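Each residue of the sequence shown is one higher than the one before, starting from 1 at the first, in UniProt numbering. The block underneath contains the structure these notes are about, expressed in structure tokens.
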Amino acid sequence: MSLKNVRLEVMQFLEKDVESLIEKYLIPIEKIWQPADFLPNSEGDNFFEDVREIRELSKELPYDFWVVLVGDMITEEALPTYESWLMDVEGVKQQDRENPWAKWVRHWTGEENRHGDVLNKYLYLSGRVNMREIEKTTQFLIADGFDIGTDRDPYKNFVYTSFQELATYISHNRVAKIAKSKGNKKLGKMCQIISGDEMRHHNAYSEFVERIFKVDPNQMMLAFYDMMKLKIAMPAHFLRESGNKISTAFEEFSNTAQRIGVYTSTDYVDILDKLIKRWEIDKISNLTDEAEKARDYLMNLPSRMYRLSERIKIPENSFQFKWVEPAFTK
Ligand SMILES: [Fe+2]
Ligand SMILES: [Fe+2]
């Protein structure tokens, strides 16, 4: 049987549990938080006062902070790219409304959609950013798509999402901490609650991988190896500002996140290390020689990468983005 067919069979085998995993990891729509819970009520009498408070507190936050918040928001707003990508993964049958994997993707998308929504509205009200430039970047990013090297392979895609959900947990959580330290409790709470969603999603995708390891350990190991050897590309790796070429804004955005400690190259290795421990890579036995070698490579990778990450130097000065104009900085 071809590898592709085995993957399809594994996806079908796991399908029967997906409904219960939706219940375990996702929150019913009637119960989960909504963006409106964290934003001024535009029907209420206090609306203008609440907006004024957001604008006042926003002045306390530095330039790089806004760049990171904007980049995080744009990454969330590119959700159409992620949903269409996941719907195309082998074993996810979008045309069949009752297909449990398709249902997972739809429900996950519904939860994720609130992240870009709430951040976008907050940034708009803050008065600190150039919304039109941001909107152009978002449209460019969706139009440019992404290339994450997973193909339609569910194993590789679930490694990718396990990794990315944890990366977004870290970055939203750090943004929350910075906001709180500058006295902006509401923004802090908002970013913290987003990070909580990301953690739940991370746990879900990690469990998908765990279950695949149980039934197809060799191929799962090789898929994990392939993804890490390639290095996990960030979903916004094609980021650009208006007037510029594809991908030209990504490096400075990622430098900015690194400079303020929101997401660093050490975090990348920490995530890898966590995945290795979570999936108990060291304990998986009866592997083929090839998978055994892949496992050895993975086990040694964190220490190698920690050494490399220590040497990375980040420019000290802020990079000027069109999204956040210097006139608005303190
Ligand atoms: Fe998100
Ligand atoms: Fe997420």
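By construction, the Cβ of each residue, glycine as well, lies at the ideal position given by its N, Cα and C atoms. In this text, all values refer to a predicted model and were calculated from it rather than measured experimentally.
Rounded separation between residue i and residue j - CA only
i, j, result
"residue 109", "residue 15", "18 Å"
"residue 94", "residue 163", "24 Å"
"residue 232", "residue 21", "25 Å"
"residue 272", "residue 320", "31 Å"
"residue 153", "residue 236", "20 Å"
"residue 2", "residue 222", "15 Å"
"residue 328", "residue 134", "The pLDDT assigned to residue 328 is 49, lower than 50, so where the model puts this residue is not dependable, and the model offers no usable value."
"residue 26", "residue 111", "8 Å"
"residue 87", "residue 287", "31 Å"
"residue 211", "residue 90", "16 Å"
"residue 46", "residue 315", "43 Å"
"residue 266", "residue 256", "15 Å"
"residue 72", "residue 229", "25 Å"
"residue 263", "residue 169", "10 Å"
"residue 104", "residue 183", "38 Å"
"residue 98", "residue 52", "46 Å"
"residue 283", "residue 150", "25 Å"
"residue 270", "residue 70", "24 Å"
"residue 30", "residue 23", "13 Å"
"residue 196", "residue 242", "32 Å"
"residue 268", "residue 85", "23 Å"
"residue 293", "residue 100", "34 Å"
"residue 17", "residue 132", "44 Å"
"residue 189", "residue 32", "15 Å"
"residue 295", "residue 302", "12 Å"
"residue 254", "residue 56", "27 Å"
"residue 193", "residue 96", "32 Å"
"residue 185", "residue 118", "15 Å"
"residue 300", "residue 311", "18 Å"
"residue 203", "residue 124", "32 Å"
Cβ pair residue i, residue j closer than 9 Å
i, j, result
"residue 83", "residue 142", "no"
"residue 158", "residue 205", "yes"
"residue 176", "residue 191", "yes"
"residue 281", "residue 224", "yes"
"residue 261", "residue 174", "yes"
"residue 318", "residue 259", "yes"
"residue 148", "residue 61", "no"
"residue 144", "residue 247", "yes"
"residue 107", "residue 165", "no"
"residue 122", "residue 74", "no"
"residue 6", "residue 216", "yes"
"residue 11", "residue 92", "yes"
"residue 332", "residue 50", "What the structure shows of the chain is the stretch from 1 to 330, and residue 332 is not part of that stretch, so it cannot be assessed."
"residue 218", "residue 291", "yes"
Buried or exposed (CB count within 10 angstroms, at least 16 for buried), residue i
i, result
"residue 138", "buried"
"residue 304", "exposed"
"residue 155", "buried"
"residue 28", "exposed"
"residue 252", "buried"
"residue 120", "buried"
"residue 285", "exposed"
"residue 126", "buried"
"residue 63", "buried"
"residue 330", "For residue 330, the predicted structure reports a pLDDT of 48, less than 50, and the residue's modelled location is therefore unreliable. A value from the coordinates is still provided. Flag for residue 330 reads exposed."
"residue 307", "exposed"
Own chain residues within Cβ distance below 8 Å of residue i, not counting five before or after
i, result
"residue 130", "322, 323, 324, 325"
"residue 113", "79"
"residue 279", "206, 209, 210, 213, 224"
"residue 274", "166"
"residue 4", "90"
"residue 43", "none"
Close beta carbons around residue i, own chain, < 7 Å, minus the five adjacent residues each side
i, result
"residue 37", "none"
"residue 298", "224, 225, 228, 276, 281"
"residue 65", "178, 260"
"residue 161", "205"
"residue 337", "Given that the chain is displayed from residue 1 to residue 330, the structure contains no residue 337 and the question cannot be resolved."
Chain-order list of residues whose beta-carbon lies under 6 Å from that of residue i (same chain, five-residue window excluded)
i, result
"residue 250", "237, 239"
Ligand 3 heavy atom lying under 8 Å from the CB of residue i
i, result
"residue 165", "In terms of ligand content, the structure shown lacks ligand 3 and carries ligand 1 and ligand 2 instead."
Measuring from each Cβ to the nearest heavy atom of ligand 1, keep the ones under 7 Å and list them in chain order.
76, 112, 115, 168, 194, 197, 198
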